[in-house]
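J.: Straight run, no breaks: the sequence shown in the UniProt record's numbering ends on number 274.
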Amino acid sequence: MWQCPLCQRALDTQSKTWQCAGKHSFDRAKSGYVNLLPVQNKRSLQPGDDKPMLLARRDFHQAQGYGPLMAHVSDLLTAQLPTSNDIYQLYEAGCGEGAYLSFITHALTQRGLHISAAGNDIAKVGVEMAAKKHQQAQFVVASNFSLPLTNHSQDVILQVFAPGSTSEYARVLRPGGLLVTVDPGPQHLTELKAMVYDTPQQHSAPELLVKPWTLRQQSDLQFGVDLTDEITRHGLLKMTPYTWKVTAARYQQIHQQLHSVTADFVIRIWQAPL
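(1) Per DSSP, W270 is paired with what?
(2) What did DSSP end up calling V246 once you bin it into helix, strand or coil?
(3) Starting from the Cα of Y242, find the closest Cα among P273, Q3, T190 and give me that residue.
(4) If we call anything under 9 Å between Cβ atoms a contact, is C140 one with V127?
(5) Assuming P148 and L36 make a contact with CB atoms under 8 Å, what is their CB distance in whole Å?
(6) Would you tell me roughly how many angstroms separate the C-alpha atoms of V39 and I122, rounded to the nearest one?
(7) Are three or more beta carbon pairs between the stretch 194 to 214 and the stretch 17 to 24 nearer than 8 Å?
(8) Tell me which residues share the same chain as M53 and place their Cβ nearer than 6 Å to its Cβ, disregarding the 5 neighbours each side in the sequence.
(9) Using the C-alpha atoms, what's the distance from D264 back to P184?
(10) Would the beta-carbon of L178 fall within 9 Å of that of I269?
(11) Cβ atoms of Y91 and L81: under 9 Å apart, would you say?
(12) Indicate the three-state DSSP secondary structure (helix, strand or coil) for E168 in the structure shown.
(13) Which one of A194, R216, A93, A205 has the shortest CA to CA distance from L258?
(14) DSSP three-state label for T17, please.
Set out below in structure tokens:
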């Protein structure tokens with residue numbers, strides 16, 4: 001299912017070094033991930049989210065801050081995927097530290113589905129964290145706008161708060177395959193935004209995909225996140241961009257006063273062209 005990011009030939013992944021017929025090779029790191037992001041495709045020395053943000057996200061997810069969202073996406077996919085002896089190829093574009101892919105893979109497996117999971121992120125440190133923590137999946141460093149996947153090789157693609165390319169998703173999904181998108185709803189983190197901005201704005205509705213994509217299901221999910229736990233509160237504040245530019249004094253005030261927030265999401269399941 002993997003293809004060379006340089007010449008788009010299929011990659012032989014049977015050894016520690018992945019190689020294509022064009023003799024391009026990519027070494028598997030000790031932690032298990034493979035870097036498939038060509039140097040010429042990088043826009044900076046360290047693209048993607050930085051290590052402190054990814055560590056905060058990892059801590060927040062380990063504390064189950066967005067646990068209801070992960071469970072809800074798992075339920076939606078369970079209803080969409082018929083139980084069979086086939087192995088479903090599940091891929092997350094923009095996987096970060098791997099929490100969503102790991103949770104959903106485990107949930108679907110527990111319900112009798114056979115899952116082969118993989119994901120990519122442009123942030124090398126995130127992929128390394130994912131590979132170390134979630135060894136049941138294969139992770140690679142790559143861009144969502146140039147996925148190192150062969151045509152029509154995936155059954156389901158997850159895109160959670162990440163930018164991506166619908167043309168790439170259409171290319172790598174099998175005919176009739178599913179794309180799951182998760183975007184913030186209008187009330188997402190409204191309590192936090194009220195403490196950061198003088199005139200906080202609601203999130204606008206995510207754009208609908210155009211034909212030949214078909215919207216199979218939309219689900220709006222809202223729940224409260226308890227931030228009385230220090231790890232959960234610190235993780236949320238460090239992983240969200242809303243607090244990045246506030247003064248140290250203002251950040252400390254928010255840290256002391258914010259005890260809960262509203263999580264609000266729009267989850268959509270799209271079907272690729274048949």
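Backbone N, C-alpha and C define an ideal beta-carbon position, used for all residues, glycine too. A quick note: this is a predicted structure, and the numbers were derived from the prediction, not measured.
T.: Reading it off the structure:
(1) Bridge partners of W270 according to DSSP: L179, L215.
(2) Residue state, collapsed to three classes: coil.
(3) For Y242, the nearest C-alpha among the options comes from T190.
(4) Note that residue 140 is Val in the sequence shown here, rather than Cys. Result yes, Cβ atoms of V140 and V127 sit closer than 9 Å.
(5) Indeed, because the Cβ distance is near 4 Å, the residues count as touching under 8 Å.
(6) When rounded, the distance between both Cα atoms is 12 Å.
(7) When Cβ pairs closer than 8 Å are counted between the two stretches, the stretch 194 to 214 is seen not to touch the stretch 17 to 24, the count staying below three.
(8) These residues qualify, in order along the chain: M239.
(9) If you take the alpha carbons of P184 and D264, they lie about 6 Å apart.
(10) Yes, Cβ-Cβ distance for L178 and I269 is below 9 Å.
(11) Result no, Cβ atoms of L81 and Y91 do not sit closer than 9 Å.
(12) Three-state result, E168: helix.
(13) Comparing Cα-Cα distances from L258 to each of A194, R216, A93, A205, the minimum goes to A194.
(14) Residue state, collapsed to three classes: strand.
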